[in-house]
Every structure is written in C-alpha cells, then in structure tokens.
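What follows is a set of notes on a single structure, which appears directly below.
There are 2 protein chains.
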Amino acid sequence: MTVLAVDLGGTHATCAAVEGRKILASETVNLPQSLPLAAALAAIAPPLHKLHSTWTAEGIGFGFCGLVDPNRARITSTNGKYTDAVGVDLTSWAREEFGLPLRLENDARLALLGEWYAGAARGETDIVMFTLGTGIGGVAMMGGHLVRGKHQQAGVLGGHIPVTLIGRRCTCGGVGCAESEASGWSLPLIAESWPGFADSALAPGKVTFENVFAWAAKGDKVAQQLVDHCLRVWGAAAVAAVHAFDPDLLVYGGGVMKSAAVILPYVQDYVRQNAWTPWGTVRVTAALLGNDAALLGVTPLFEQELSVVR
Amino acid sequence: MTVLAVDLGGTHATCAAVEGRKILASETVNLPQSLPLAAALAAIAPPLHKLHSTWTAEGIGFGFCGLVDPNRARITSTNGKYTDAVGVDLTSWAREEFGLPLRLENDARLALLGEWYAGAARGETDIVMFTLGTGIGGVAMMGGHLVRGKHQQAGVLGGHIPVTLIGRRCTCGGVGCAESEASGWSLPLIAESWPGFADSALAPGKVTFENVFAWAAKGDKVAQQLVDHCLRVWGAAAVAAVHAFDPDLLVYGGGVMKSAAVILPYVQDYVRQNAWTPWGTVRVTAALLGNDAALLGVTPLFEQELSVVR
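Protein sequences appear in the order of chains A and B. With the first letter of the first sequence counted as 1, position 236 gets the number 1180 in our numbering; the numbers rise by one all the way through. With the first letter of the second sequence counted as 1, position 97 gets the number 1041 in our numbering; the numbers rise by one all the way through.
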C-alpha cells in the first residue's frame, strides 16, 4: 500500500509518498517559527495533493513533534510550538482535504518505527532510540511494541528524564532534563554561562554542536568541557533508559550524530560501566535512515498491528 | 489457597502463611550480614516447616532483594548481598525441602503487587511504587501488569535511575542513582561529607533518616539541607518514573515514610510542578501495608495470571 507521510517539526515539514520500505517522492516545506498548526496544515496541503494525485495513497501517517494520543488522533500537548495544536482535529482535516484516513504518532516514535522496520533496528524487539537534535527524543519499544502507557505518554519522554538535580528549566516544565542540559536549543545557553566562555574560541561565533565538537578537537578547553558535559548527559540518559525499559539496543539519530565517532564509543563505554545489566551488554548503534526514518515509520504504523504496551 | 511467603532482605527474613488478603501467621528471622544465601535458606527452613505443618500451603512465594528472572525462578544479580545467590536453585530447594512449587519475584515488585492487591493501589492499573529504606525500590505496573522487559529487569530499577551527573558510585555500578544519593545506606556518607557537618547537631550521633528529619524540624541547618537534598532526589526520581511509565499513582512505602508528613506533600508538589502530564495530575499516596505488602503480594503472584509486559 502507498501512504502519504508527514513529518512535522518546529521549523519545517517533510511530505512524502511511501510504499513499503521505499520513499517514492518527497518534498520539504520550510515553516516560519511560531506558525499555528492550522497554517502549517494549509502549507503542506499542496505538496500532499501533488503526491496523492501521482501515487494514489490509501492514508496519511502524521508524525508530530509533541505529545499525542494515537487512539484519538489528537495532539495532547506541545512544548512551545504550535500552541493551537491541541484543538486541531487532524482526522477531519485529512478526510475533508484528501478523503483519506489519518494515523497520528509522535515524530520520535515514528522515527523509531522506521529504524525498526527499515533501518538500524531491523529484527530487534527491545529498543530505545535517542534523537539528538534541536531537542532530544527518547523512545522505547518493548517486545516489538511501542511503549505507550495509560495516557499514551510512556516511553516517549526519554529526553525529559531528569539527569541532574540543579539544572535548567526545560520547555517541558521540568528541571535538569537531558534536553535542557545537552540539546541544540539548550547548548548556547549552557555555553554562554560556562566559566571561561568569553575567552574561548567559541565566543565570537554561533554556538552549535558542530562548532563545539570542532573546537574541542582543536584543543579549546571550554569546548572540550562542554563536549564532556554533553556526553555525560547523554550517558546518564542512556543508563536511565536501560534501567527503565531493559532494551537490547540503543539507536542514536539526529543532527548531532555528525559527531557519531565521538558520541557512540563514549555512550557504549558509559553504558557498559554504569548500567546494571547482568544478562550482558546493551549494544549502541547509529541510526541508518536519517530524516527518512519517520517517513518510513508510516508503513508499520498502517500495515502492522501495533498492539499497545500498557 | 494458602501460600507460604518469604520476604528476604539483607538483614532479616520474614516467613508467613498467607491466604488471600490475610496473613495467617508470620515469623521474622534475623540474619547476620554477609551470610550466603544457602545459609539463609537453612535459617528460614524451620519457621517455614512450622507454618506449613499448621496451614498446609500449596506453594512458596519468594521475594528476593535483587534482580531475578521469575520465569526461571533464578536470581540474576545482587548488589553486595548474598554473593552466592546467582547459582542457587530455589525451585529444587522448595521441592526437596517442602515438596512445594516456588515462584520467585523481586521483593519490591512483590510489595507493589501486595499494595495493588490489598493496599493503597487497589483498583489501579498504572502505578509506580517507591520503597524508601536502606535502599530505594522503584517498581512499575502498567495496564495491570508488572513491567518486566526482555531480560526481566524493566520497571524494577526506579531507585537506580541516575538523578545527578556528578554523584556517588552506587552499589549497582552506576553513578548518581537515587539510591546512592538519598537512601538509608548512602545518607551517612552524604551527611559526613556535607559542608558544616562536623559542627551540626547530627555529628555526635548516628546519621539516620529519623535523626535527620528530627534535627531538621528543630532547626539544624545541615539537617535541613540534607532533608532538602533527599526530597529533591526523590522528586527527581518521581518525575523520571512518571515520564518513563505514565502512571496514575505513585505509592510510597519503606521505613523513611515515618516522615510521610514531610515527604508526600513535597513529592506531590514536585510532580505537579515538574512532570509533563497534560492529561491531569499524578496522585501521590502512602503505602498502607508496611512490611506486610511483599507477603500479601504472593497471593496475586500465584492466583492471578500476571501477563508479562515486554
């Protein structure tokens, strides 16, 4: 079957036609920040119509960057983005605009489904996937099923497990979350308040993970300390996920994985040294599908019976 | 049906005959520290024989203070206690010694089962129970089933979710676990290295939660800081559990709950302020059964089909 896929992030949306493990065609739409969801839907309708007219899809799989209730196809909460989203009826939109059924999932859950169906986690049943980007996604699958929970928000907040007691306020409302300690949005805030930042090589430019890893490799002390801090945050989040969900495999995706050569060995060692896993060692691996992961996740979202782990 | 219950902790074992929600009789045996499990089994055999001869049990429900595989009735790992335990065949012991089938579970899981069956969590389906004592137990039930995981260690390590990046080494091998930051065994270590401890009211005596809460109430500054630290650790662990397992209810048991009047309102407020739960508020409540919880857990362990959440 062919499915239209939407991967809606904070700054852009990717629309695609997907058949099985193949992306037939795709188009990315840039979205202004602070756009209401209703306006974002209007912006993605034309590319979706174009894809639908070419490929005749049977449904729309919609990945959203916030908490969702897949049973009701409703967005339940966002942290800062699309503040009108909770009231939007996506099912009606899909039916009225395209005459198609819609399935909604959290974008990070959809990316894990994609890696499980077509990428780094094929054949696995017990997985946690971390997406290190502007935010941190942390999603769990147990026994071949996404972990969903009573209110559909279990196993999807791996980036919002607290890792430090005296930490930054996070966009989720918590304190010291992995995301508020070591993500794309929090990195500049952390860097700017780091002792010695003003005299470091980082100070004149924009603070990005790319710059921080590059300057750390060149020997800048503050950059090295920031890398150490972030690695430790990701290591602690990994141990938390292992202790909570008991996976065989941790999969790492997201833009920060340009520095996979530093991150993966560190996390593998951290987990080996700090997680209590008498049965063996949790494997740590890179995601394979990049931005395609969430798009390819729509196939299992539609085709397979994804029983709820409650 | 009548079941023999064993709740084996680090320093003592309680043996009981249990029928439904009723403890027919019980006996507690003190055990020297560093005892091998084989010797502990020899020590609890006489009281179990006595109970069995009076009540004619149909099985033994065994709660153990470490990681277990309930399917194979094997202990998979301990942190410091009963270092011979992994090799011990409890099924054979129960059959040869008593002619009875045995079911093994982690002691904190068994306590949650007890509170669910006969205590503070009756009628609930999605619960995390924290036992604040010498260590910290943190156990999850989702959808009416214990969370077990691929290697039987999911949902049972709530006390070993890291809560701080620069923390103490824990007995589990991790760093900065809730248990190594605010439990009975770690409290004296934390107190002794706390700034100003030597001049505080705590210095002359033994550092226990009872003393620390008592001196904090009397205005001792170091004791107050220690209480604040522990409350924050328990609050962070609560948020971690909420974000991982999406429960309706957090249940708190263990000896430290003598100070429930301070702990429960704090955790309730902390969760309300820091957990991302758009569906409503996670309730926080005290366990009702005390040391009987794990004993009463043996009835559902035997009588009910406890499907595995994987």
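Built from N, CA and C at the ideal position, the CB exists for glycine as well. Here the structure is a predicted model, which means the values were calculated and not measured.
Beyond the five residues adjoining it in sequence on each side, B:R1227 comes within less than 6 Å, by CB distance, of L1193 in the same chain, given in chain order. Listed along chain B, no residue sits closer than 8 Å to A:T1075 by beta-carbon distance, the nearest being about 16 Å off.
A:I1080 is outside the set of residues whose beta carbon lies under 8 Å from a beta carbon in chain B. Non-local beta-carbon contacts of B:G1111 in its own chain, meaning distances under 7 Å to residues more than five positions away in sequence, involve V1119, G1120, S1124, E1125 in chain order. Think of a sphere of 9 Å around the beta carbon of B:L981: no beta carbon from chain A falls inside it, the nearest being about 16 Å out. B:L985 and A:V1186 have their alpha carbons spaced roughly 32 Å apart. By the neighbour-count criterion, in which 16 or more other beta carbons inside 10 Å mark a residue as buried, B:G1093 falls on the buried side.
Among the bridge pairs identified by DSSP, A:T1075 is matched with A:G1081, A:G1197. Contact between B:L948 and B:H996 holds, since their C-beta atoms are separated by about 6 Å, short of 8 Å. With 16 or more neighbouring CB atoms inside 10 Å of its own CB, B:M1086 falls in the buried class.
Against chain B, the beta carbon of A:T1108 has neighbours under 7 Å at T1108, L1109, listed in chain order. B:P1209 sits exposed, since fewer than 16 C-beta atoms from the chains shown fall within 10 Å of its C-beta.
Counted as a single uninterrupted DSSP element, the alpha helix (DSSP H) harbouring B:A1188 occupies residues 1165 to 1189. For A:K1025, the secondary structure class from DSSP, reduced to helix, strand or coil, is coil. When C-beta atoms of the segment 1026 to 1033 of chain B are compared with those of the segment 1166 to 1175 of chain B, fewer than three pairs fall below 8 Å, so the two segments do not count as touching. Nearest in C-alpha terms to A:A1055, of all of A:F1042, A:P1045, A:I1071, A:E1041, is A:I1071. Under DSSP, the beta-bridge partners assigned to A:A957 are A:L952, A:V973.
For B:R1227, the uninterrupted beta strand (DSSP E) segment begins and ends at 1227 to 1230. Judged by DSSP secondary structure, B:E1002 falls outside any beta strand (DSSP E); it is assigned neither H nor E.
Exposed is the label assigned to B:S978, since fewer than 16 other Cβ atoms lie within 10 Å of its Cβ. Taking a Cβ-Cβ cut-off of 8 Å, A:C1009 has no neighbours in chain B, whose nearest Cβ is about 14 Å from it. With contact defined as three or more Cβ pairs closer than 8 Å, the segment 1058 to 1065 of chain B and the segment 1237 to 1244 of chain B are in contact.
B:H1095 carries a coil assignment under DSSP once its states are collapsed to helix, strand and coil.
Straight through space, the alpha carbons of B:L1034 and B:T1000 are spaced by roughly 20 Å.
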